[in-house]
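Take the sequence shown: its letters are residues 841 to 1142, numbered as in the working numbering. Even glycine gets a Cβ: it sits at the ideal position worked out from N, Cα and C.
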Amino acid sequence: MVDEIRFDDKVVVITGAGAGLGRSHALAFASRGAKVVVNDLGGSATGEGKGSNAADTVVEEIKAAGGEAVANYESVENGEAIIKTAIDNYGRVDVVVNNAGILRDSSFKKMTDQDWDLIYKVHVLGAYKVTKAAWPYMLEQGYGRIVNTASAAGLYGNFGQANYSMAKIGMVGFTQTLAIEGAKNNVIANVIAPVAGSRMTETILPPELVAALKPEYITPLVMKLCSEKNEETGSIFEVGAGWISKLRWERTKGVGFDISNGLSPEAVEESWDQITDFENADHPTTAQESFVPVLANLGIKM
Ligand code: NAI
């Protein structure tokens, strides 16, 4: 039997917590004793407008259930103000879940600079700003848990989502480096690629699927990754409908060419089957490890 996962005395900041996944996370953390900052800009699914309703409603729900929460209505682009709400009200920040998001879907041919920039601002700049503001507190207290939100569109690409794919795969590299830099101060960071029914997916998924893919099936993984005992860090998870899986890079064994006389494109072409053959593949987990065969081809052993 594992111990019950609790967040008593922990201060948890969840962005975009006025609806969908963020709302589910906020209610669940609060129900396990956390003091929650419910951030939500309260705009549309494509990033227009703003309002206090979304965040206020979730704070009321938490309080009605006997929990502790405070609302914040800033855009994640103003991350300092969101973390300030945590510090001013509760004096610390232990957990950040970067979850806020919008979509500006369009084929790449029709995508405007505004579609590209807005997605960058909310997902990439937003996650950066909130994390950057929380980071010194986490390092100082020797404790922090961060979960970033990616997407299958980022991991695999998806028609009409060049902007969103760029932003979401950005969460992967961002998380992995945070995990490396946070390790010695007990700051842990992971990234999830969820699938859930929400206003974001209700326009693309049939209603039965939207109803079946409950946000509540995503939250338990987020809570496990943010728990005090969790040691998993720098990892990517796909999660939805009660299915949870860890993802890693796989690299073919590769071909080390004799470069004493240079390297021609024809030599590359000739070895193509071998270059792309996943038999005996490996799974590097660090940049250093990934360089090993590169340097080996120069006769350098690491
Ligand atoms: P949602 O639209 O229900 O919730 C997103 C929330 O973020 C909204 O309440 C919205 O007001 C808020 N928000 C938007 N821009 C903001 C900003 N600048 N500052 C603060 N809050 C802002 O969508 P959902 O599905 O709950 O999405 C949550 C996260 O999960 C997003 O990052 C999304 O990209 C990601 N995701 C969701 C998937 C799904 O299947 N629902 C699939 C893959 C990723």
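Start and end residues, alpha helix (DSSP H) containing residue i
i, result
"P976", "G966 to Q981"
"P1133", "A1127 to A1136"
"N929", "G919 to Y930"
"V1012", "A1002 to G1022"
"A992", "A992 to Y996"
"E900", "N893 to A904"
"A1051", "P1047 to A1052"
"L958", "D953 to I959"
First and last residue of the uninterrupted beta strand (DSSP E) at residue i
i, result
"G887", "Counting along the chain, G887 falls outside any beta strand (DSSP E), and DSSP gives it neither H nor E."
"N988", "G984 to T989"
"L1087", "W1083 to L1087"
"A874", "Looking at the DSSP string, A874 is not in any beta strand (DSSP E), and its letter there is neither H nor E."
"G1080", "I1076 to G1080"
"I1032", "V1027 to V1035"
"I1115", "No beta strand (DSSP E) holds I1115; the alpha helix (DSSP H) holding it covers W1112 to I1115."
"V933", "Per DSSP, V933 belongs to no beta strand (DSSP E) and is neither H nor E."
"E908", "E908 to N912"
Nearest to residue i (by Cα), restricted to the options the options
i, options, result
"A895", "E920, A868, R863 and A870", "R863"
"K950", "F1131, N1003, S1038 and V878", "N1003"
"N938", "A1036, I845, L881 and I986", "I986"
"I1044", "F999, F1014 and I1058", "F999"
"W1083", "E1110, A1033, G1096 and C1066", "A1033"
"V851", "A974, A904, A905 and N988", "A974"
"G919", "I854, A1036, A1007 and S1075", "I854"
"V1062", "A904, S1075, A1107 and K903", "S1075"
"A904", "D934, K890, S871 and E888", "S871"
"S1067", "N1026, I1099 and I942", "N1026"
"G817", "D953, L1018 and D945", "In the structure displayed, the chain extends from 841 to 1142; residue 817 sits before or after that span and is not available."
"L1087", "D957, L1103 and G994", "G994"
"Q954", "G1096, G982, G856 and T886", "T886"
"E908", "R932, V877 and G931", "V877"
"V899", "K1024, A874 and V1095", "A874"
"F948", "S1005, A926 and N988", "S1005"
"S1143", "V1108, V1095 and N1030", "The requested residue 1143 is not part of the displayed model; the chain covers only 841 to 1142."
"A940", "W956, D957, D880 and I1140", "D880"
"G1094", "P1133, E901, N1101 and P1047", "P1133"
"N1137", "I1099, T1041, S884 and D848", "I1099"
Residues of its chain near residue i, where Cβ-Cβ distance is below 7 Å and the 5 sequence neighbours each way are ignored
i, result
"E1143", "Because the chain here runs from 841 to 1142, residue 1143 falls outside it and cannot be looked at."
"L1135", "M1142"
"T1092", "I1115, T1116, D1117, F1118 and A1121"
"S1130", "P1124"
"D934", "K850, V851, V852, Y983, G984 and R985"
"N929", "V910"
"A1107", "F1097"
Beta-carbon proximity list for residue i, same chain, < 8 Å, skipping 5 on both sides
i, result
"N1070", "R985, I1028 and K1064"
"G1080", "P1034, V1035, A1036, L1053, Y1057 and I1058"
"G882", "G858, G889, K890, G891, S892, N893, A894, A895 and Y913"
"R1174", "No information on residue 1174 is available, as it lies outside the stretch 841 to 1142 that the chain covers here."
"S1038", "A859, G860, L861, V1050 and P1055"
DSSP-derived helix/strand/coil call for residue i
i, result
"S1067", "coil"
"N938", "strand"
"V842", "coil"
"G1102", "strand"
"R863", "helix"
"V853", "strand"
"A1121", "coil"
"V1095", "coil"
Close Cβ partners of residue i (< 6 Å) along its chain, the five nearest in sequence each way excluded
i, result
"A921", "E914"
"T1059", "S864, H865 and A868"
"S991", "K1008 and A1033"
"M978", "G984 and V1027"
"L1103", "F1097"
"I959", "R944, N1003, Y1004 and A1007"
"G1010", "V964"
Any C-beta of chain B under 8 Å from that of residue i
i, result
"V1027", "Although the question refers to chain B, the structure presented lacks it and comprises just one protein chain."
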